[in-house]
Amino acid sequence: MIEKYDPVNDEMFSILDNDGNVVNSQEMPELSDDHLLKAYKLMLFSRVADEMAVLYQRQGRMFTYPLNKGQEAIAAATGLSMRDDDWLVPAFRELGCYIAKGVTMSELYMYFMGYENGSLFKNAKNILPISVPIASQLLHATGIGYTLKLKKDDKVVVTFVGDGGTSEGDFHEALNFASVWKVPVVFIVQNNQYAISVPFKTQSASKSIAIKSVAYGIKGIQVDGNDYFAMKKVVEEAIDYSRSGNGPILIEAVTYRQGAHTTSDDPTKYRTKDEEDVWSCKDPLKRMKNYLITKGLWNDEEEEKIHKQFMKEIDSEFIKAENIKSYPAEDAFDYLYAEMPADLEEQKRYHLNFLKWKESRGVK
Amino acid sequence: MKVLNILQSVTEALDVMLEKDQNVIVYGEDVGVEGGVFRATEGLQKKFGVERVFDSPLAESAIVGTAVGMAVSGLRPVVEMQFSGFAYPAFNQIISHASRMRNRSRGRFETPMVIRMPYGGGINALEHHSESMEATWAHIPGLKVVIPSTPYDTKGLLISAIESNDTVIFMEPKRIYRAIKQEVKEGYYTIPIGKAKVVTPGKDVTIIAYGAMIREVQKAMVLLAKDGINAELIDLRTIYPLDKETIVNSIKKTGRVVFVSEGPTSFGVGAEIMAVANEEAFLHLEAPPKRVSGYDIIVPLPKGEHHYMQSPEKIYYEVKKTVEY
């Protein structure tokens, strides 16, 4: 299928239409009912967690948070296609993927509350922390791919970047090195149409992002990122392809960031209501839900029940994070070097003494 | 024992570590087939194969960025920035990732890697080939910065750098790559990172230098000795972490300190040494601490470079003024 959708032909691969009907049945992946429900619930969970994050942030209980709303299908399909021990090198808008890997909401909320320990990911294997600089993480994925190839390890690396990130030099360097080295890396670009306020047409004059793969001598495909089935089919095939020693692959997942870039951003300044309405018809949850209802696997009562259950679960995860004891001073010093240099040891001692002195004066 | 120059010591250290640890790999632009533009990696690809010693495409950010990925997944990459002046495209990967990965992941991941870069002037080179920007690297929390000045130290320090679980910026004084030969121990040995060396003990003044400047100071010391000035020479060997103990003990003994380096003066390594002298040995000082280092200018092209470089005469001139203060 990756062969069939050559990016040069400017076709986007999709399976579901906007109403949730299968319109490309020969490409429909075979998925069990259990899987379908698991995938939909993961998407719903991501959406609820996202909506609640915005509320918490508005209540002043959390700092800046980057929203996933509208992009849930990409993360869910990817997370549910990866092996537990495959490497995930994220950007910062792949909530469903973190969850599928075993990251907890309380960890993620901690991170966005400003606790470093939110990057500990205690139960998740082989996942790098969130990377804030744009596109630089793609090179780490390529490097990990080199290790896997050198050690004849059959794991795969999956890495993410946004459409804005494709303008960065590191995007090109990562694809170039990965293709020359023929390493097992699946590059997924979440083309959500905007890099904060800059639309894709101002970002790149390229017809698509997928077509850039041609120049690197690798396979690429453009896929409807709001279509869980199309995403699942493509990511699964891409992971198999890379795991079999064929080298890297570039996936452009076309989607729309329905929310703001982060809670500090106001999208009404740079996009129209009409545009938002067009994309809301393509909402990934709505399409999958319609499909499930038609299939008799889902209904509104069930949705309401699960929605409430998720809200409760997420709130208790948030409160867990909120009740973390204060940030210990040691934490700021202890992780910089394998063995702490004497000078830093001295600075830490000084800081602890200063805190004691402050406390002795009754100042908190 | 073998008699080696600094370049050959680099090769030896890489050879020893490639042999000792299967996870060590060496790459960068030109380092494979050609053995590097200075030949520091010559013969290594033949001996260890193209998977462990290889030419990469030309992109410094990618060379360092992929090394970060390799390091977090279990390898110990040693990468070459052909000249230190070409390392700047990799600055983001160094400051945003290599130096932070352990901290960001709370110790889950570390980046045991070495970024080798020939530095310094005095070789009649093109623009961007002569800078000494060690202060820039030393200012970044999470990095170690090492600069050897002799063949023996080069080998022992580079082996320590490869074994370090932190990212080490290893700056090689290219001006003296082939100028100094010395007996060097065969096989494996280490010199600890973070320890300065008292090269010549003395009582009248402490001179602190490193890298290619050690030789210039030694020439100046011949002139100073003729005037009866007995200087103590300290080779820092590591810029960060700085060996404050050795520095402070020496200043307390001599009461005078002159710092010599090739880098621009303002906000440089010398400023740090002066601060240490003032904070920790103020009452022992009998003269103001003095910096002999570059003007805050772009290193001129070869015909004008002598205006920038530190010479034995200038070092002699400043040390004498400090002693006679």
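So the sequence lines, in the order shown, correspond to chains A and B. For the first sequence, position 168 (counting from the first letter as 1) is numbered 156 according to our numbering, and the numbering increases by one without interruption. For the second sequence, position 83 (counting from the first letter as 1) is numbered 1057 according to our numbering, and the numbering increases by one without interruption. C-beta atoms are modelled at their ideal positions from N, C-alpha and C, and glycine is treated no differently. What you are looking at is a predicted structure, and each value in this text was computed from that prediction instead of being measured.
{"Item": "Status (buried if at least 16 other CB within 10 Å, exposed otherwise) for H160 of chain A", "Value": "buried"}
{"Item": "Given 8 Å, three or more beta-carbon pairs between the segment 1122 to 1141 of chain B and the segment 1152 to 1168 of chain B", "Value": "yes"}
{"Item": "Check whether I1188 of chain B and D1209 of chain B have beta carbons under 8 Å apart", "Value": "yes"}
{"Item": "For T1141 of chain B, the residue or residues it bridges with in DSSP", "Value": "B:L1117"}
{"Item": "V1280 of chain B, buried or exposed, once every other Cβ within 10 Å from all chains shown has been counted against 16", "Value": "The displayed chain sequence assigns His, not Val, to residue 1280 of chain B. Counting Cβ neighbours within 10 Å, H1280 of chain B comes out exposed, since fewer than 16 surround it."}
{"Item": "Span of the alpha helix (DSSP H), counted from its first residue to its last, around D1217 of chain B", "Value": "Run containing D1217 of chain B: none; DSSP gives neither H nor E here."}
{"Item": "Cβ shell of L343 of chain A (< 7 Å), same chain only, five flanking positions each side left out", "Value": "A317"}
{"Item": "V266 of chain A beta carbon less than 8 Å from that of A65 of chain A", "Value": "no"}
{"Item": "Contact under 8 Å by Cβ, A129 of chain A with A162 of chain A", "Value": "yes"}
{"Item": "For V1046 of chain B, the first and last residue of its enclosing alpha helix (DSSP H)", "Value": "E1034 to V1046"}
{"Item": "Other residues of its chain near F298 of chain A: CB distance less than 6 Å, five sequence neighbours each side excluded", "Value": "F33 and V36"}
{"Item": "Completely contained alpha helix (DSSP H) runs for the segment 33 to 97 of chain A, where each covers 4 or more residues", "Value": "60 to 67 and 83 to 89"}
{"Item": "Chain A within 8 Å of P1031 of chain B, Cβ atoms only", "Value": "yes"}
{"Item": "Counterpart residues of L1207 of chain B in DSSP-defined beta bridges", "Value": "B:T1174 and B:I1181"}
{"Item": "Reduced DSSP secondary structure (H/G/I, E/B, other) of R1090 of chain B", "Value": "strand"}
{"Item": "Cβ contact check for the segment 1043 to 1062 of chain B and the segment 1103 to 1115 of chain B: 3 or more pairs under 8 Å", "Value": "yes"}
{"Item": "Between the CA atoms of E225 of chain A and I(-10) of chain A - distance to the nearest angstrom", "Value": "8 Å"}
{"Item": "Identity of the residues DSSP links to Q393 of chain A by a beta bridge", "Value": "Coverage of chain A is limited to positions -11 through 352, which leaves residue 393 of chain A absent and any answer about it impossible."}
{"Item": "Below-8 Å beta-carbon distance, N105 of chain A vs any chain B residue", "Value": "yes"}
{"Item": "DSSP beta-bridge partners of I209 of chain A", "Value": "A:I239"}
{"Item": "Three-way DSSP call (helix, strand, coil) for F298 of chain A in this model", "Value": "helix"}
{"Item": "Where D1201 of chain B meets chain A, residues with beta-carbon distance less than 8 Å", "Value": "Going along chain A, no residue has its Cβ under 8 Å from D1201 of chain B, so there is no contact; the nearest lies around 36 Å."}
{"Item": "For S1235 of chain B, the first and last residue of its enclosing beta strand (DSSP E)", "Value": "V1231 to P1238"}
{"Item": "Contacts around G1096 of chain B, its chain only, beta-carbon distance under 6 Å, and the 5 residues preceding and following it disregarded", "Value": "R1149 and M1283"}
{"Item": "Element boundaries [beta strand (DSSP E), containing E1317 of chain B]", "Value": "Examination of residue 1317 of chain B is not possible in this model, given that chain B is present from 975 through 1299 alone."}
{"Item": "CA-to-CA distance, D254 of chain A to D262 of chain A, given in whole angstroms", "Value": "16 Å"}
{"Item": "Helix, strand or coil at Y244 of chain A according to DSSP, with G and I counted as helix", "Value": "coil"}
{"Item": "Contacting residues, own chain, Cβ-Cβ under 7 Å from V(-4) of chain A (five flanking each side not counted)", "Value": "I199 and V202"}
{"Item": "Residues that DSSP places opposite E1146 of chain B in a beta bridge", "Value": "B:P1092"}
{"Item": "CB contact below 8 Å: P329 of chain A versus chain B", "Value": "yes"}
{"Item": "Cutoff 8 Å: A1109 of chain B Cβ touching any chain A Cβ", "Value": "no"}
{"Item": "Assigned secondary structure, R1265 of chain B (DSSP; H/G/I helix, E/B strand, else coil)", "Value": "strand"}
{"Item": "Three or more C-beta pairs below 8 Å linking the segment 161 to 180 of chain A and the segment 274 to 283 of chain A", "Value": "no"}
{"Item": "is_contact[I132 of chain A, chain B] using C-beta, thresh 8 Å", "Value": "yes"}
{"Item": "Interface positions of the segment 318 to 347 of chain A facing chain B (Cβ-Cβ less than 7 Å), listed along the chain", "Value": "Y323, L324, Y325, A326, P329, A330 and D331"}
{"Item": "DSSP state of L19 of chain A mapped onto helix, strand, coil", "Value": "coil"}
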